[in-house]
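Enquirer: In this note's numbering, the protein residues as written are 324 to 688.
1) What is the DSSP secondary structure of residue 643, counted as helix, strand or coil?
2) Among the residues of its own chain, which have a CB less than 7 Å from the CB of residue 365, if the five just before and after it don't count?
3) Can you tell me whether DSSP reads residue 631 as helix, strand or coil?
4) For residue 595, which beta-bridge partners are listed by DSSP?
5) Roughly how many whole angstroms lie between the Cα atoms of residue 606 and residue 559?
6) Counting C-beta neighbours from all protein chains within 10 Å, is the total for residue 477 16 or more, i.e. buried, or is it exposed?
7) Are there 16 or more other CB atoms within 10 angstroms of the CB of residue 666, so buried, or fewer, so exposed?
8) Taking 9 Å as the cut-off, decide whether the C-beta atoms of residue 469 and residue 618 are in contact.
9) Can you name, in chain order, every residue of its own chain whose Cβ lies under 6 Å from the Cβ of residue 417, other than the five neighbours on each side?
10) Would you mind sorting residue 431 into buried or exposed? The rule is 16 or more other CB atoms within 10 Å of its CB.
11) Give the DSSP bridge partners of residue 344, in chain order.
12) Using 8 Å for Cβ pairs, my map puts residue 411 next to residue 497. What's the rounded Cβ distance?
13) Count the other CB atoms, across all protein chains shown, that sit within 10 Å of the CB of residue 379; report buried if there are 16 or more and exposed otherwise.
14) At which residue ranges does the stretch 527-586 contain complete alpha helix (DSSP H) runs of 4 or more residues, listed in the order of the chain?
15) Just the Cα atoms here: how many angstroms apart are residue 668 and residue 685?
16) Can you give, in chain order, each stretch of the alpha helix (DSSP H) that sits fully within the stretch 390-445 and has at least 4 residues?
17) Taking 9 Å as the threshold (C-beta atoms), are residue 377 and residue 409 in contact?
18) Could you check where the alpha helix (DSSP H) with residue 510 kicks off and where it finishes?
19) Evaluate contact between the stretch 584-598 and the stretch 445-457, counting only Cβ atoms and requiring at least three cross-stretch pairs below 8 Å.
20) Would you kindly work out how many angstroms separate the C-alpha atoms of residue 653 and residue 627, rounded to a whole number?
21) Please classify residue 453 as buried or exposed, where buried requires at least 16 neighbouring CB atoms within 10 angstroms.
22) Evaluate contact between the stretch 497-515 and the stretch 348-358, counting only Cβ atoms and requiring at least three cross-stretch pairs below 8 Å.
23) Since residue 650 is in the beta strand (DSSP E), which residue starts that stretch and which ends it?
24) What does a CB cutoff of less than 8 Å around residue 572 pick up in its chain, not counting 5 residues either side in sequence?
Below, the structure written as structure tokens:
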């Protein structure tokens, strides 16, 4: 793989030129507030938007407070119906089918860089800024913009943006790209922003477990107990319903053995949970579907670093594109644990994002 360093060193400035009309997605959290602040200080014409995605109008209060702090008028877009159809329903149905969906990877292209950007352009916006930690690069030798990992590797969120099309990346702006989280916090406190706990949950869960949320949306007959089996098909116990389990899970299986068991796969067609020892719970590769490339693949077969969940250390793999390039097979140089159908997989060339798709199946499962 080629080194991405020259790209990053020659990247365009993080902030658009002064006077550019920029739509800022304002959640009310620290990151989006500081992103809007930097745009204002740079002389951009900032239009602030808050997306009402779930709950009631009171959920917009932190964003309204942030807008007042910055001296911005705030437009609230009620996208609850669209969010329900495009993000929440696929999340629920994914779990019902024995998959582990990632709603944030769905939301970014469909809602933030989809419906919000469509609305913002009608207001004259030239760019769309969010508080994501990611870099946007415009290499001088290539047409179009690309994404890359942020300076703060711990907070890097490029994985969640892996399915953005090139048109969205062309409009994107990430004012926090070169900052560490600690630097952002320091500036937020100086601004007068009141510290608050950052939510690590999916936004629409509102503190509930994913299993409780999914159960509240499904008929009782959709969640049935079944068998827990080993990879040879021997029955070892019973499970409470597939939605309570995910690939790589260790706790909550209720089974004793010579060594801990891990969930290797879920089989919705037989309503079985397949488990194995840690050494068994790895896969040599995966099948990807619905691939979106933000950077053109070098050829039909290529090497890439493949990240299979947000906290996974990317692993080198040989990728082979399918006939329509919407599908691909990735074979790891070293087998990886917890390859989970329904999750997103992001492809990188070094630090530069190539694109991403959905994990359709783990090889060998």
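Yeah, the Cβ is synthetic: ideal placement off N, Cα and C, and Gly gets one too.
Expert: The answer reads as follows:
1) strand
2) 338 and 341
3) coil
4) 550 and 590
5) 22 Å
6) exposed
7) buried
8) yes
9) 424 and 665
10) buried
11) 368
12) Rounded, the Cβ-Cβ distance is 26 Å, inconsistent with contact.
13) exposed
14) 533-540
15) 12 Å
16) 403-406, 412-419, 426-430 and 440-445
17) no
18) 504-514
19) no
20) 9 Å
21) buried
22) yes
23) No beta strand (DSSP E) holds residue 650; DSSP gives it neither H nor E.
24) 585 and 586
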